[in-house]
Amino acid sequence: MSLRVGVIGAGRIGKLHAENLVYRVPEAEVLAIADVNKAAAEECAQRLKVPTATGRYQDIIENPAIEAVLICSSTDTHSQIIEESAAAGKHIFCEKPIDSDLKRIEHALKAVEKAGVKLQIGFNRRFDPNFRHVREQVAAGKIGEPAILRITSRDPAPPPIEYVKVSGGIFLDMTIHDFDMARYLIGSEVVEVYAVGGVTVDPAIGAAGDVDTVVITLKFANGVIGTIDNCRRAVYGYDQRIEVFGSAGCLVAANNTPHNVTLSDGDAVINAKPLYFFLERYTESFVEEMRQFIAAVTQNKPLPVTGRDGLIPVIMGLAAKKSLSEGRPVKLSEIS
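Residue numbers (the working numbering): 15 to 350.
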């Protein structure tokens, strides 16, 4: 039997998940799509032949036929909808972050635990085959004891300034994926962060109280030292690279490109630029993420990304924000 699902949010990521469930995950059946912009929900539902579209997310939560919900609405609604969905006995997939407020996150996680439902958080990069292979090789000891982690994550262009103003800042919006990836790849918790940053892309981002270029140093409990560098603009495309250096070797995951053809002539040696943005770069990881969520519910398997996995990167993000503001290293224990 297929799992009956409702999708809350018909924006870019909500439409992507709905399409993947309809076309590529036969174990799921999408019964309804909700969005505060009802026309967006109706357009998506009509295109995907989903029977119900609504302007109220509560209609999905109150529908007894729906067994699981996907929360793809704006960040400021996530924790509240988690609590309401859990109280209704629905299993939950929620896009990151759960919230920017730790008390609201804890409250939501307690509601999930009390209801006995499953909650998976949308850190899709864990399902990328390249990054997953790096993790597997590290765990298998192929490079000995890991010593240094390097993560580069740069967007091709900055988001609209209206989005920046409500995003929670670069650490909770952009770097949060890298914080999760750092924990995932090394298999140890980060205990301290030190962040420096500036505005090198768009002065309007600085005027909105944020930065657009950052470097964060991480100290892990197992002694590994890590660095993350982010920028809101890389003119050559979506720059997503990872390196883990260890006592017996090194693992490197390079950028994905549209093709692997190299042109060599008398003027230059030319390779393809990286894929443009996350929808192109992480196409397969988004599908696999949905497959594993559906399987976790229907087959009662362990979740690949838990509520706690959603909490800790927010703590890391708040620590990085405090570090940038105060100009010093910040221990995560100061935040949590």
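Cβ atoms here follow ideal geometry from the backbone N, Cα and C, with glycine treated the same way.
Checklist entry - Among 327, 81, 292 and 204, which residue has its Cα nearest to the Cα of residue 169? => result Walking along the sequence shown from the start, residue 169 turns up at place 155. The residue with the shortest Cα to Cα distance from residue 169 is 292.
Next on the checklist: For residue 42, list the residues DSSP reports as bridge partners.
Outcome noted: Here residue 42 is taken as the residue at index 28 of the sequence shown, counted from 1. BP columns for residue 42 point to 17.
Next on the checklist: Closer than 8 Å is the cut-off here; do at least three beta carbon pairs connect the segment 186-202 with the segment 319-335?
Outcome noted: Yes, the segment 186-202 is in contact with the segment 319-335.
Next on the checklist: Please classify residue 108 as buried or exposed, where buried requires at least 16 neighbouring CB atoms within 10 angstroms.
Outcome noted: Sequence index remark: in the sequence shown, residue 108 carries index 94 (1-based). Under this definition residue 108 is a buried residue.
Checklist entry - Is there contact between the segment 171-190 and the segment 213-228, where contact requires at least three CB pairs shorter than 8 Å? => result In the pairwise beta carbon analysis, the segment 171-190 is classified as touching the segment 213-228: at least three pairs are separated by under 8 Å.
Item to check | Anticipated Cβ contact below 8 Å, residue 248 with residue 271, distance rounded | outcome: As a working mapping, residue 248 is identified with position 234 in the sequence shown. As a working mapping, residue 271 is identified with position 257 in the sequence shown. So it is not a contact: roughly 14 Å between Cβ atoms.
Item to check | Any beta strand (DSSP E) of 3 or more consecutive residues that is wholly inside the segment 162-226 | outcome: With a minimum length of 3 residues, the continuous beta strand (DSSP E) runs that stay inside the segment 162-226 are 204-212.
Next on the checklist: Could you tell me the alpha carbon to alpha carbon distance between residue 164 and residue 228, rounded to whole angstroms?
Outcome noted: Here residue 164 corresponds to residue number 150 of the sequence shown, with the count starting at 1. Here residue 228 corresponds to residue number 214 of the sequence shown, with the count starting at 1. So the alpha carbons of these two residues sit roughly 14 Å apart.
Item to check | CA-to-CA distance, residue 89 to residue 3, given in whole angstroms | outcome: Outside the modelled stretch of the chain, which goes from 15 to 350, sits residue 3, for which no answer is possible.
Checklist entry - If you pair each beta-carbon of the segment 61-79 with each one of the segment 44-52, do three or more pairs fall below 8 Å? => result Yes, the segment 61-79 touches the segment 44-52.
Checklist entry - Who are the near neighbours of residue 162 in its chain, counting only those whose CB is closer than 6 Å to its CB and skipping five residues on each side? => result For the purposes of this step, residue 162 is identified with residue 148 of the sequence shown, where counting begins at 1. Same-chain partners within the cutoff: 239 and 259.
Next on the checklist: Going by C-alpha to C-alpha distance, which of 297, 288 and 206 sits closest to residue 347?
Outcome noted: In the sequence shown, the residue the question calls residue 347 occupies position 333. Cα-wise, what sits closest to residue 347 is 206.
Item to check | Which of helix, strand or coil DSSP assigns to residue 235 | outcome: Stepping through the sequence shown from its first residue, residue 235 is reached at position 221. Of the three classes helix, strand and coil, the one that applies to residue 235 here is coil, per DSSP.
Next on the checklist: Here's the rule: buried if 16 or more other CB atoms are within 10 angstroms of the residue's CB, otherwise exposed. What is residue 176?
Outcome noted: For this step, residue 176 is matched to residue 162 along the sequence shown. With fewer than 16 neighbouring CB atoms inside 10 Å of its own CB, residue 176 falls in the exposed class.
Checklist entry - Roughly how far, in whole angstroms, is the beta-carbon of residue 190 from the beta-carbon of residue 225, given that I think they are within contact range, below 8 Å? => result Within the sequence shown, residue 190 is the residue found at index 176, counting from 1. Within the sequence shown, residue 225 is the residue found at index 211, counting from 1. Between residue 225 and residue 190 the Cβ distance is about 15 Å, and since that is not below 8 Å, they are no contact.
Checklist entry - How would you write the range of the beta strand (DSSP E) that residue 109 sits in, first residue to last? => result In the sequence shown, the residue the question calls residue 109 occupies position 95. Its beta strand (DSSP E) spans residues 105-109.
Checklist entry - Does the Cβ-Cβ distance between residue 232 and residue 148 come in under 8 Å? => result On the sequence shown, position 218 is the one that residue 232 refers to. On the sequence shown, position 134 is the one that residue 148 refers to. No, Cβ-Cβ distance for residue 232 and residue 148 is not below 8 Å.
Next on the checklist: Let me confirm a value: residue 37 is counted as buried when at least 16 other C-beta atoms fall within 10 Å, else exposed. Which label applies?
Outcome noted: Here residue 37 refers to the residue found at position 23 when the sequence shown is read from its first residue. It is exposed - the Cβ of residue 37 has fewer than 16 other Cβ atoms within 10 Å.
Next on the checklist: Run through the DSSP bridge pairs and tell me what residue 243 is partnered with.
Outcome noted: Mapped onto the sequence shown, residue 243 falls at position 229. DSSP output for residue 243 lists 166 and 229 as bridge partner(s).
Checklist entry - Cα separation between residue 160 and residue 343? => result As a working mapping, residue 160 is identified with position 146 in the sequence shown. As a working mapping, residue 343 is identified with position 329 in the sequence shown. Whole-angstrom Cα-Cα distance: 22 Å.
Checklist entry - Starting from residue 145 and walking both ways along the alpha helix (DSSP H), at which residues does that stretch end? => result Mapped onto the sequence shown, residue 145 falls at position 131. Unbroken alpha helix (DSSP H) run through residue 145: 143-153.
Checklist entry - On the three-state DSSP scale, how would you describe residue 276? => result Taking the first residue of the sequence shown as position 1, residue 276 is located at position 262. Of the three classes helix, strand and coil, the one that applies to residue 276 here is coil, per DSSP.
Next on the checklist: So the candidates are 20, 289, 41 and 282; which of them puts its Cα closest to the Cα of residue 105?
Outcome noted: Numbered from its first residue, the sequence shown carries residue 105 at position 91. Taking each of 20, 289, 41 and 282 in turn and checking the Cα distance to residue 105, the smallest one comes out for 20.
Item to check | Residue burial classification, residue 261 (beta-carbon count within 10 angstroms, cutoff 16) | outcome: Locating residue 261 in the sequence shown gives position 247, counting from the first residue. Classification of residue 261: exposed, given that the 10 Å Cβ count is below 16.
Item to check | Simplified DSSP assignment, three categories, for residue 22 | outcome: Sequence index remark: in the sequence shown, residue 22 carries index 8 (1-based). In the structure shown, residue 22 sits in a strand (DSSP, three-state: E or B).
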